[in-house]
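Counting in the working numbering, the sequence shown runs from 686 upward without gaps. Right, one structure below, let's go through it.
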Amino acid sequence: MIDVFTTLKVPGPIPTAISEPFWAAVRRGEFVLQRCEDCGRRVFYPRAHCPHCWGSRLVWHAASGRGAVKSFSAIHRPGHFAWAEAAPYVVALIELDEGPTMLSQLLLANPGDAAVGMRVTMRPVEIGEFVLPFFAPDAVKAHADET
Ligand SMILES: [Zn+2]
Numbered sequence: 686m687i688d689v690f691t692t693l694k695v696p697g698p699i700p701t702a703i704s705e706p707f708w709a710a711v712r713r714g715e716f717v718l719q720r721c722e723d724c725g726r727r728v729f730y731p732r733a734h735c736p737h738c739w740g741s742r743l744v745w746h747a748a749s750g751r752g753a754v755k756s757f758s759a760i761h762r763p764g765h766f767a768w769a770e771a772a773p774y775v776v777a778l779i780e781l782d783e784g785p786t787m788l789s790q791l792l793l794a795n796p797g798d799a800a801v802g803m804r805v806t807m808r809p810v811e812i813g814e815f816v817l818p819f820f821a822p823d824a825v826k827a828h829a830d831e832t
């Protein structure tokens, strides 16, 4: 699945002065979120002001890159033709462990495997000239004690 991504020519993110630290972290294989120094809450997407208290002291901090699928949709006919080669694929709302929800794509061999509540972890994926923060399901734990 990841092999098909490297040759795609898709429109990518357009980093701004506010969002560039997020995209730079993803390119390094890291995951960061803003934290409001006034109310302590984590924020996504990147902003100049906290959506909870309107404070302007938002600081970047390392985040787990882990979360759970809140909702999802299997895409068979992409909204942009450039993604056609990768279809079908699954886009999902991921409720991050730090609180915010973000929209991303799930790395699944079979779109039918997507499920609400599925635990996932961020995986940076090269898509053409970009690196995007997609999410892969956590490995299913072995049940060695069930023998
Ligand atoms: Zn705040």
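Glycine residues also receive a C-beta, built at the ideal position from the N, C-alpha and C atoms. Computed from a predicted model, the values in this text were never measured in an experiment.
Could you give the distance in angstroms between the alpha-carbon of residue i and the alpha-carbon of residue j?
{"i": "residue 776", "j": "residue 741", "result": "31 Å"}
{"i": "residue 725", "j": "residue 733", "result": "15 Å"}
{"i": "residue 704", "j": "residue 711", "result": "11 Å"}
{"i": "residue 757", "j": "residue 788", "result": "9 Å"}
{"i": "residue 634", "j": "residue 767", "result": "Within the shown structure, residues of the chain are numbered from 686 to 832, placing residue 634 beyond reach of any answer."}
{"i": "residue 735", "j": "residue 744", "result": "10 Å"}
Within a Cβ cutoff of 7 Å, which residues of the same chain sit near residue i, ignoring the five residues on either side of it in sequence?
{"i": "residue 831", "result": "Here residue 831 scores only 48 on pLDDT, less than 50, and its place in the model should not be relied on; the value that follows carries that caveat. No residues qualify anywhere along the chain."}
{"i": "residue 769", "result": "763"}
What did DSSP end up calling residue i once you bin it into helix, strand or coil?
{"i": "residue 821", "result": "strand"}
{"i": "residue 763", "result": "coil"}
{"i": "residue 690", "result": "helix"}
{"i": "residue 801", "result": "coil"}
{"i": "residue 700", "result": "coil"}
{"i": "residue 809", "result": "strand"}
{"i": "residue 707", "result": "helix"}
{"i": "residue 739", "result": "coil"}
{"i": "residue 769", "result": "helix"}
{"i": "residue 732", "result": "coil"}
{"i": "residue 712", "result": "helix"}
Can you find a CB in chain D that lies within less than 8 Å of the CB of residue i?
{"i": "residue 792", "result": "Judged by its chain identifiers, the structure shown contains no chain D, having just a single protein chain."}
Report all residues from its chain with a CB closer than 8 Å to the CB of residue i; omit the five preceding and five following residues, and keep chain order.
{"i": "residue 827", "result": "Low confidence applies to residue 827: its pLDDT is 49, below 50, so where it sits in the model is not reliable enough to give any reading."}
{"i": "residue 755", "result": "777, 778, 779, 780, 786 and 801"}
{"i": "residue 765", "result": "695 and 696"}
Would residue i and residue j qualify as a contact pair, given that the criterion is a beta-carbon distance under 8 Å?
{"i": "residue 805", "j": "residue 785", "result": "no"}
{"i": "residue 759", "j": "residue 717", "result": "no"}
{"i": "residue 690", "j": "residue 812", "result": "yes"}
{"i": "residue 792", "j": "residue 808", "result": "yes"}
Can you find the residues in the same chain that come closer than 6 Å, C-beta to C-beta, to residue i, ignoring five residues on each side of it along the sequence?
{"i": "residue 727", "result": "718, 720, 783, 784 and 785"}
Cβ contact (3+ pairs, closer than 8 Å) linking the segment 801-820 and the segment 686-704: yes
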